[in-house]
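Numbering (mature numbering (1 follows the signal peptide of the UniProt record, and there is no 0)), first residue to last: -24 to -1, 1 to 321. Every residue, glycine too, gets a C-beta built ideally from N, C-alpha and C.
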């Protein structure tokens, strides 16, 4: 993993060196230190507020590490690119927001610790007693904890959430994940993960898997990492060919199951969607829950299993799925029957 990270860092440095408007100025803080949200100043972007802990500014980009909020009441510790849409590229506690009384503590023992208002631990880098001396945020959005010998002990690039940025690698055991927006399944998750033989798209709890492999003869690998570089995803192999970047790119696995490539367009850093990455190999019916609960997809069109027993949740938006005309229960079992559904996979 260290080898691929060094290679990716070189490629990213080369990309920015080729674009003199994006020269990184590393922002660093030493331990110990702590931050309480209520005592912090904030900046506003795209209808959101960011309470920065670290900021890395170049002549073209601003990257923040700090507390992100849409409503001023619940906060997520995040890394955010500055711009009209303020895209979040990494989050420590996306499913466990904290209150305004929360504290981020960079302890003397080297742990970066997020505690809610009642002092319960919401998240930690788990680097206690590993001789961490400082943390640094680079312009690409990688938060790194270093020891006194400048050796990286922890980095956010090794713990992706739903986003990859240009220069970041997805290594075996790591995945992007998203919670589907169009389902009643409480524990449903969509994953895009690095596996031994390629990049895998999956949906849980259903046993749904799509595997993507190199479109060119695979290279000999000393590590199973797939980098997002300028022009492709999967480096050193090419699993997906991508449009060349003219500015910073990011790739996000979204709640509808699509993996989309965005570019921050100069000069205003508007976020422009440039490619639906998996559409190269998947059609609309290949996405799990693309048509909501009970929806059946055929040739890109949505229908219900039977209009005698189901109806669309919203006639104007059939992709919202279907709902039973009679709610399902365990009463009167003798009146139940199973309906065959043909030509589905």
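Report task. Please report how far the alpha carbon of residue 205 lies from the alpha carbon of residue 46, in whole angstroms. Result -> 31 angstroms
Just the C-alpha distance for residue 248 and residue 313, rounded to the nearest angstrom, thanks.
49 angstroms
Discussion item. Restricting to Cα atoms, I'd like to know which of 125, 37, 219 is closest to residue 116.
Written reply: 37
>> Within 8 angstroms, do at least three Cβ pairs link the stretch 56 to 73 to the stretch 17 to 34?
In response: yes
Expressed to the nearest angstrom, what Euclidean distance is found between the alpha-carbon atoms of residue 123 and residue 276?
53 angstroms
| request: Answer with buried or exposed for residue 185, where buried requires no fewer than 16 other C-beta atoms within 10 angstroms of its C-beta. | output: exposed
From which residue to which residue does the beta strand (DSSP E) around residue 255 run? Residue 255 -> no beta strand (DSSP E), and no H or E assigned at all.
Legend entry - Counted within 10 angstroms of its Cβ, other Cβ atoms place residue 300 as buried (16 or more) or exposed: exposed
Worksheet item: Going by the beta-carbon positions, is the gap between residue 39 and residue 121 smaller than 9 angstroms?
Response: no
Note to self: Relative to the C-alpha of residue 227, which candidate in 172, 246, 250 has its C-alpha closest?
What the structure shows: 250
key: Stretch-stretch touch, CB-based, cutoff 8 angstroms, three pairs: the stretch 91 to 98 with the stretch 132 to 146   = no
| Touch check for the stretch 252 to 260 and the stretch 233 to 240: three-plus C-beta pairs under 8 angstroms? | yes
task = Return the residue from the list 54, 302, 3, 43 that minimises the CA-CA distance to residue 14.
result = 43
_Cβ neighbours of residue 182 in the same chain (closer than 7 angstroms, five flanking residues each side left out)_ = 264
Candidates 318, 154, 190, 162, of which the one nearest residue 178 by Cα | 154
Practice task
Would you list the one or two residues that DSSP bridges to residue 123?
Solution key: 108
**Report entry** residue 145: first and last residue of the uninterrupted beta strand (DSSP E) it sits in
**Finding:** 145 to 147
Residue 48 burial status per 10 Å Cβ neighbour count (16 or more: buried)
exposed
Below 6 angstroms CB to CB, which residues in the same chain sit around residue 141 once its five sequence neighbours on both sides are set aside? 65, 116, 117, 226
| task | Determine the DSSP secondary structure at residue 275, reduced to helix, strand or coil. | result | coil
Does the beta-carbon of residue 17 have 16 or more other beta-carbons within 10 angstroms, so that it is buried, or is it exposed?
exposed
>> What does the Cβ neighbour count give for residue 239, buried or exposed, with the cut at 16 atoms within 10 Å?
In response: buried
Let me make sure I understand the geometry here. Which of 81, 91, 85, 60 has the alpha-carbon closest to that of residue 75? 91
Item to complete: Would you kindly work out how many angstroms separate the C-alpha atoms of residue 83 and residue 136, rounded to a whole number?
Response: 23 angstroms
Notebook entry, point to check: If you draw a straight line from the C-alpha of residue 69 to the C-alpha of residue 164, how long is it?
Noted result: 18 angstroms
- request: Measure the alpha-carbon distance for residue 19 versus residue 59 and round it to whole angstroms.
  value: 11 angstroms
Is it right to say residue 189 is buried, meaning 16 or more other beta carbons lie within 10 angstroms of its own, or is it exposed?
exposed
**Bridge partner(s) assigned by DSSP for residue 151** = 169
Grab the span of the beta strand (DSSP E) containing residue 87 for me, first residue to last. Residue 87 -> no beta strand (DSSP E), and no H or E assigned at all.
Under the assumption that residue 80 contacts residue 10 (Cβ atoms under 8 angstroms), give the Cβ distance between them as a whole number of angstroms. 7 angstroms
Original post:
In angstroms, rounded to a whole number, what distance separates the CA positions of residue 310 and residue 146?
Top reply: 51 angstroms
By the three-class DSSP mapping on this structure, what secondary structure does residue 1 have?
Here residue 1 scores only 41 on pLDDT, less than 50, and its place in the model is too uncertain to base an answer on.
### Message
Which of the three DSSP states is assigned to residue 190 in this structure?
### Response
coil
For residue 261, the three-state DSSP class (helix, strand or coil) = helix
Notebook entry, point to check: Beta-carbon separation of residue 215 and residue 174 under 9 angstroms?
Noted result: yes
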